[in-house]
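Chemist: My structure is below; once you've seen it, I'll send some questions.
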Amino acid sequence: MSSHREAPEISKDPVADNTDVYAFVSPDRPDTVTLIADYIPLQVPSGGPNFYEFGDDVLYEIHIANAGRARADISYQFRFTTKIINDETFLYNTGPIRSITDTQNWNRPQYYSVTRVERQDHDGDDDADDHHYRSTVLASGLTVPPVNVGIRSTPNYAERFTGAAIHHLGGGRRVFAGQRADPFHVDTGSIFDLGVLRPFEFAHLIPSAMAMEGVNGLQGFNVHSIAIQVPIRDVSRYGGTPDDVMAPGAVIGVWASASRRKSKVFDARNGKSVSYGPYRQVSRLANPLFNEVIVPMAEKDLWNSLEPYQDRRFAKYVLNPELQRLLPVLYPTVFPNLAGYNKPRYDLQAILLTGIPKGVVPGFQNYTGPVLADLVRLNLAVRPSKNPNPIGLIAGDPAGFPNGRRVFDDVVAIELRAIAGATIPLVDKTYTPDANAAKLTDGTTNTNPPYLNVFPYLGTPAGGYQSKPGIPVV
Amino acid sequence: MRSTALPHDATDLMVHVADPSTGTLTLYVGEREILVHDRELVARLARAASQEA
Numbered sequence: 001m002s003s004h005r006e007a008p009e010i011s012k013d014p015v016a017d018n019t020d021v022y023a024f025v026s027p028d029r030p031d032t033v034t035l036i037a038d039y040i041p042l043q044v045p046s047g048g049p050n051f052y053e054f055g056d057d058v059l060y061e062i063h064i065a066n067a068g069r070a071r072a073d074i075s076y077q078f079r080f081t082t083k084i085i086n087d088e089t090f091l092y093n094t095g096p097i098r099s100i101t102d103t104q105n106w107n108r109p110q111y112y113s114v115t116r117v118e119r120q121d122h123d124g125d126d127d128a129d130d131h132h133y134r135s136t137v138l139a140s141g142l143t144v145p146p147v148n149v150g151i152r153s154t155p156n157y158a159e160r161f162t163g164a165a166i167h168h169l170g171g172g173r174r175v176f177a178g179q180r181a182d183p184f185h186v187d188t189g190s191i192f193d194l195g196v197l198r199p200f201e202f203a204h205l206i207p208s209a210m211a212m213e214g215v216n217g218l219q220g221f222n223v224h225s226i227a228i229q230v231p232i233r234d235v236s237r238y239g240g241t242p243d244d245v246m247a248p249g250a251v252i253g254v255w256a257s258a259s260r261r262k263s264k265v266f267d268a269r270n271g272k273s274v275s276y277g278p279y280r281q282v283s284r285l286a287n288p289l290f291n292e293v294i295v296p297m298a299e300k301d302l303w304n305s306l307e308p309y310q311d312r313r314f315a316k317y318v319l320n321p322e323l324q325r326l327l328p329v330l331y332p333t334v335f336p337n338l339a340g341y342n343k344p345r346y347d348l349q350a351i352l353l354t355g356i357p358k359g360v361v362p363g364f365q366n367y368t369g370p371v372l373a374d375l376v377r378l379n380l381a382v383r384p385s386k387n388p389n390p391i392g393l394i395a396g397d398p399a400g401f402p403n404g405r406r407v408f409d410d411v412v413a414i415e416l417r418a419i420a421g422a423t424i425p426l427v428d429k430t431y432t433p434d435a436n437a438a439k440l441t442d443g444t445t446n447t448n449p450p451y452l453n454v455f456p457y458l459g460t461p462a463g464g465y466q467s468k469p470g471i472p473v474v
Numbered sequence: 001m002r003s004t005a006l007p008h009d010a011t012d013l014m015v016h017v018a019d020p021s022t023g024t025l026t027l028y029v030g031e032r033e034i035l036v037h038d039r040e041l042v043a044r045l046a047r048a049a050s051q052e053a
């Protein structure tokens, strides 16, 4: 999956597990940028009575690097607090929850604060020791909407709770934190079964059928999303709204993280764990599938603990990705040109680790400098597309992945095609991609509730009563 | 008499000795992490840890 359970350690800690990151110029408010970080994967909508919620002991952050260092120049921090209103019931709610402030029937509301942290350099240079951070609490006591329990407990969920949970922070800034339908789609059932892509499984090393539609392994599951929309000037390098696509200052790098405090002890007196010490990062995410399919299993936990500016040590896995070597083995007749390509994959390095420099794609760049770092790079001067293409930049839509990432971008297809060699000619004109490289897909589409056209853009979470579990087959 | 009161940001503290041979212990107090180098104290803690419960 994009980053759902992508590393051994974080797969045991879903409350802190980043699943996806999105960054795009807001299509309905193009003077703003929307940043979304999803957490807590694979939520079964009926998972009560202790439904999914943000962790009070987790520090959630969305970071922006705007000075080419791949270090956080601006971070938005989100801290949650959960209350139990009635300590004499086992129930999440004791009647229909009528609003996000209905604590008469809602027994376990959750609240949060938003803090903006900005790096300030004393003399304007990039001296790592000559800076400090300024923290500003933008808001506190903001309400998280309840999860979508069912038609009796959370009636008319979309109308009643979504808009009410969008909190305005002043100056055109707004924020949402709560459960949403997982916007990502991927055929996990087939991909993890020896790399099968159902539309091409007749050509697999172990063929099983003619071409089939993909099966969205995330269908029916929810996530918890943090979405913040701010004026572009809040995150751009020079504090304005860039209008020159080719200007270096037009590009930002975005990633999200989750941190836990360094030490944790189970306090048997209360039956709860108590945390001590400073926060340390346990999960991070920028480009989808980076830690999932680029980084070897033995280093995934380490990767989650590091910051993007430390990613040079993983560049060798980008330049010579394991999946590139596997594709011609798994599909013996499909990728003859890829099988014979032994040069470093500088196209993937540009897409994932530096951004695409000038001169590669006419009229476009999202280069952030030579620091090798996994970041979602967004050129803020590229306006939202009037006819967006979910295949993004490689389909001629520069407002889409890998220029930022929109919720509907088909990143699985894009990255499959890139790794299969479709993007090699960007940097190596001598290479001819295999005919099927540009057709690769896992065959899935979004089968969860539809995306919204307005903030927070993610679909209504599936309801516990309304949703049926999957059908087991052995 | 020395004070035994904890800092204002903590009700208790956590001590971690990662490697007794270094004589270093780590205190976790509130959201802070404090390194203390005290070979005698670490040795006493190690001896205490060797005792049967």
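In order, the protein sequence lines correspond to chains V and S. Its first residue numbered 1, the first sequence is counted upward by one per residue in our numbering. Its first residue numbered 1, the second sequence is counted upward by one per residue in our numbering. C-beta: ideal position from N, C-alpha, C; glycine also.
1) At 8 angstroms on the CB atoms, spell out the chain S contacts of residue 175 of chain V, in chain order.
2) Can you name the residues that DSSP bridges to residue 343 of chain V?
3) What did DSSP end up calling residue 326 of chain V once you bin it into helix, strand or coil?
4) Against residue 261 of chain V, what residues of chain S qualify as contacts under a CB-to-CB distance less than 9 angstroms, listed in chain order?
5) Are the beta-carbon atoms of residue 279 of chain V and residue 177 of chain V separated by less than 9 angstroms?
6) Going by the beta-carbon positions, is the gap between residue 449 of chain V and residue 181 of chain V smaller than 9 angstroms?
7) I think residue 40 of chain V touches residue 14 of chain V, with their Cβ atoms under 8 angstroms apart; what is that distance to the nearest whole Å?
8) Can the beta-carbon of residue 340 of chain V be found less than 9 angstroms from the beta-carbon of residue 14 of chain S?
9) Use the C-beta contact count for residue 471 of chain V: other C-beta atoms within 10 angstroms, 16 or more gives buried, fewer gives exposed.
10) Consider the C-beta atom of residue 429 of chain V and the heavy atoms of the ligand NAD; say whether any pair is separated by less than 8 angstroms.
11) Give the range of the alpha helix (DSSP H) segment to which residue 40 of chain S is assigned.
12) For a test of the three-state rule: what should DSSP assign to residue 29 of chain S, helix, strand or coil?
13) Kindly identify the DSSP beta-bridge partner or partners of residue 14 of chain S.
14) Residue 277 of chain V CB to nearest chain S CB: under 9 angstroms?
15) Taking the alpha-carbon positions, what's the residue 173 of chain V to residue 19 of chain S distance?
16) Under the DSSP definition of a beta bridge, which residues are partnered with residue 231 of chain V?
17) Beta-carbon within less than 7 angstroms of residue 158 of chain V's beta-carbon, same chain only, minus the 5 sequence neighbours each way: which residues are those?
18) If I measure Cβ to Cβ from residue 55 of chain V and keep anything under 6 angstroms in the same chain, skipping five residues before and after, which residues do I get?
19) Of the residues V:271, V:259, V:311, V:293, which one's Cα is nearest the Cα of residue 325 of chain V?
20) Any beta-carbon of chain S closer than 9 angstroms to the one on residue 274 of chain V?
21) Judging by CA-CA distance, which residue of V:462, V:75, V:92 is the nearest neighbour of residue 255 of chain V?
22) Can a CB atom of chain C be found closer than 9 angstroms to the CB of residue 13 of chain S?
23) So residue 61 of chain V is in the beta strand (DSSP E); what residue range does that whole segment cover?
24) Since residue 99 of chain V contacts residue 160 of chain V with CB under 8 angstroms, what's their CB separation in whole angstroms?
25) Taking Cβ-Cβ distances shorter than 7 angstroms, what residues in chain S pair up with residue 360 of chain V?
26) Going by C-alpha distance, which of V:197, V:78, V:71, V:250 is nearest residue 367 of chain V?
27) Going by the beta-carbon positions, is the gap between residue 312 of chain V and residue 24 of chain V smaller than 9 angstroms?
28) For residue 63 of chain V, which residues from the same chain have a beta carbon less than 6 angstroms from its beta carbon, with the 5 sequence-adjacent residues on both sides left out?
29) Return yes when the Cβ of residue 457 of chain V is within less than 9 angstroms of the Cβ of residue 412 of chain V, no when it is not.
30) Assess, as a yes-or-no matter, whether the segment 87-99 of chain V is touched by the segment 138-158 of chain V under the definition of 3 or more beta carbon pairs within less than 8 angstroms.
31) Note down, in chain order, every chain S residue with its Cβ under 7 angstroms from the Cβ of residue 265 of chain V.
32) Assess contact between the segment 74-88 of chain V and the segment 319-335 of chain V, defined as three or more Cβ pairs (one per stretch) separated by less than 8 angstroms. Is contact present?
Modeler: Judging by the given coordinates:
1) Locating residue 175 of chain V in the first sequence gives position 175, where the first residue counts as 1. Against residue 175 of chain V, chain S offers no close residue; the least beta-carbon distance is about 24 angstroms (beta-carbon pairs closer than 8 angstroms).
2) As a working note, residue 343 of chain V is residue 343 in the first sequence. According to DSSP, which records beta bridges pairwise, residue 343 of chain V is partnered with nothing at all.
3) Residue 326 of chain V sits at position 326 when you count from the first residue of the first sequence. Looking at residue 326 of chain V - three-state DSSP - the assignment turns out to be helix.
4) Position 261 of the first sequence holds residue 261 of chain V. Simply 28, 31.
5) Counted from its first residue, the first sequence places residue 279 of chain V at position 279. Counted from its first residue, the first sequence places residue 177 of chain V at position 177. Result no, Cβ atoms of residue 279 of chain V and residue 177 of chain V do not sit closer than 9 angstroms.
6) Your numbering for residue 449 of chain V matches position 449 in the first sequence. Your numbering for residue 181 of chain V matches position 181 in the first sequence. Contact: yes.
7) Here residue 40 of chain V refers to the residue found at position 40 of the first sequence. Here residue 14 of chain V refers to the residue found at position 14 of the first sequence. Between residue 40 of chain V and residue 14 of chain V the beta-carbon gap is near 5 angstroms, inside 8 angstroms, which marks them as a contact.
8) For the purposes of this step, residue 340 of chain V is identified with residue 340 of the first sequence, where counting begins at 1. For the purposes of this step, residue 14 of chain S is identified with residue 14 of the second sequence, where counting begins at 1. The answer is no: Cβ separation not under 9 angstroms.
9) Sequence index remark: in the first sequence, residue 471 of chain V carries index 471 (1-based). Counting C-beta atoms within 10 angstroms of its own C-beta, residue 471 of chain V has fewer than 16 neighbours from the protein chains shown and is therefore classed as exposed.
10) Questions concerning the ligand NAD fall outside what the structure shown contains, since it holds no ligand whatsoever.
11) Stepping through the second sequence from its first residue, residue 40 of chain S is reached at position 40. Unbroken alpha helix (DSSP H) run through residue 40 of chain S: 39-50.
12) Residue 29 of chain S sits at position 29 when you count from the first residue of the second sequence. Three-state result, residue 29 of chain S: strand.
13) Numbered from 1 along the second sequence, position 14 holds the residue referred to as residue 14 of chain S. Residue 14 of chain S is bridged to S:28.
14) Taking the first sequence and counting its residues from 1, the one referred to as residue 277 of chain V is at position 277. Chain S contact via Cβ: present.
15) Here the question's residue 173 of chain V lines up with position 173 in the first sequence. Here the question's residue 19 of chain S lines up with position 19 in the second sequence. About 48 angstroms.
16) Walking along the first sequence from the start, residue 231 of chain V turns up at place 231. In the DSSP output, where bridge partners are listed per residue, residue 231 of chain V has V:32.
17) Numbered from its first residue, the first sequence carries residue 158 of chain V at position 158. Once the five neighbours on either side are set aside, the close Cβ partners of residue 158 of chain V are 460.
18) Position 55 of the first sequence, counting from 1, holds the residue named residue 55 of chain V. So the list reads 15, once near-sequence residues are dropped.
19) Stepping through the first sequence from its first residue, residue 325 of chain V is reached at position 325. When each option's Cα is compared against that of residue 325 of chain V, the closest is V:293.
20) On the first sequence, residue 274 of chain V is found 274 positions in, with the first residue counted as 1. Yes, residue 274 of chain V lies at the interface with chain S (some Cβ there is under 9 angstroms from its Cβ).
21) Residue mapping note: residue 255 of chain V aligns to position 255 of the first sequence, counting from 1. In this structure, V:75 is the residue among V:462, V:75, V:92 with its C-alpha nearest to the C-alpha of residue 255 of chain V.
22) In the structure shown, chain C does not exist; the protein chains are V and S.
23) Within the first sequence, residue 61 of chain V is the residue found at index 61, counting from 1. Per DSSP, the continuous beta strand (DSSP E) segment holding residue 61 of chain V begins and ends at 58-65.
24) Reading the first sequence from its first residue, position 99 is the one you call residue 99 of chain V. Reading the first sequence from its first residue, position 160 is the one you call residue 160 of chain V. That pair is a contact at about 7 angstroms.
25) Sequence index remark: in the first sequence, residue 360 of chain V carries index 360 (1-based). Listed along chain S, no residue sits closer than 7 angstroms to residue 360 of chain V by beta-carbon distance, the nearest being about 44 angstroms off.
26) Reading the first sequence from its first residue, position 367 is the one you call residue 367 of chain V. Here the closest residue by C-alpha is V:250.
27) Locating residue 312 of chain V in the first sequence gives position 312, where the first residue counts as 1. Locating residue 24 of chain V in the first sequence gives position 24, where the first residue counts as 1. Contact annotation: residue 312 of chain V and residue 24 of chain V have beta-carbon atoms that are not nearer than 9 angstroms.
28) Reading the first sequence from its first residue, position 63 is the one you call residue 63 of chain V. By the criterion of a C-beta distance shorter than 6 angstroms, residue 63 of chain V is surrounded in its chain by 72, 75, 255, once the five residues flanking it on both sides are discounted.
29) Translated into positions along the first sequence, residue 412 of chain V becomes position 412. Translated into positions along the first sequence, residue 457 of chain V becomes position 457. No, the Cβ-Cβ distance between residue 412 of chain V and residue 457 of chain V is not below 9 angstroms.
30) Yes, the segment 138-158 of chain V is in contact with the segment 87-99 of chain V.
31) For the purposes of this step, residue 265 of chain V is taken as the residue at position 265 of the first sequence. The contacting residues are 14.
32) No, they do not touch.
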